[in-house]
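What follows is a short report on a single structure.
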């Protein structure tokens with residue numbers, strides 16, 4: 001994983017991040033959100049974040065993190081499916 005932020009990422013490679021889509025309005029995982037709002041997760045806190053700082057170097061690494069933290073994710077993000085997303089495509093709204 002990379003720890004210094006998105007600005008320093010090598011744009012020639014794919015980076016991966018865990019993401020969710022709010023299943024309902026005012027969802028408990030992100031109070032005040034609208035249904036369908038898209039969020040990246042912060043791997044350090046297992047919560048939604050507007051400042052995702054640590055993308056994974058591979059889809060497999062991201063999936064491993066999701067599986068290793070599935071209990072915390074299920075409890076903190078009820079009703080949402082956490083999935084790995086290609087960070088560039090996610091930021092462009094393509095995924």
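Residue numbers (the UniProt record's numbering): 1 to 95. Just so you know, even glycine gets a beta-carbon here, dropped at the ideal spot from N, CA and C. Note that the structure is a prediction, hence the values are computed from the model and not measured.
query                                                                                                                       : result
Cutoff 6 Å; reference residue 72; Cβ partners in own chain excluding five residues on either side                           : 46
Close-in-space but distant-in-sequence residues of the same chain around residue 62 (CB under 7 Å, 5 per side omitted)      : 16, 17, 18, 56, 84
Cα-Cα separation, residue 26 to residue 14                                                                                  : 32 Å
Neighbourhood of residue 76 by C-beta distance below 7 Å, restricted to the same chain and skipping five residues each side : 29, 46, 47
Residue 84 - partner residues in DSSP beta bridges                                                                          : 18
Buried versus exposed, by CB contacts within 10 Å (16 or more), residue 43                                                  : buried
Candidates 91, 33, 20, 89: closest to residue 79 by CA position                                                             : 20
Proximity below 8 Å, CB of residue 90 to CB of residue 41                                                                   : no
Residue 73: first and last residue of the uninterrupted alpha helix (DSSP H) it sits in                                     : 70-76
Range covered by the beta strand (DSSP E) that runs through residue 38                                                      : 38-42
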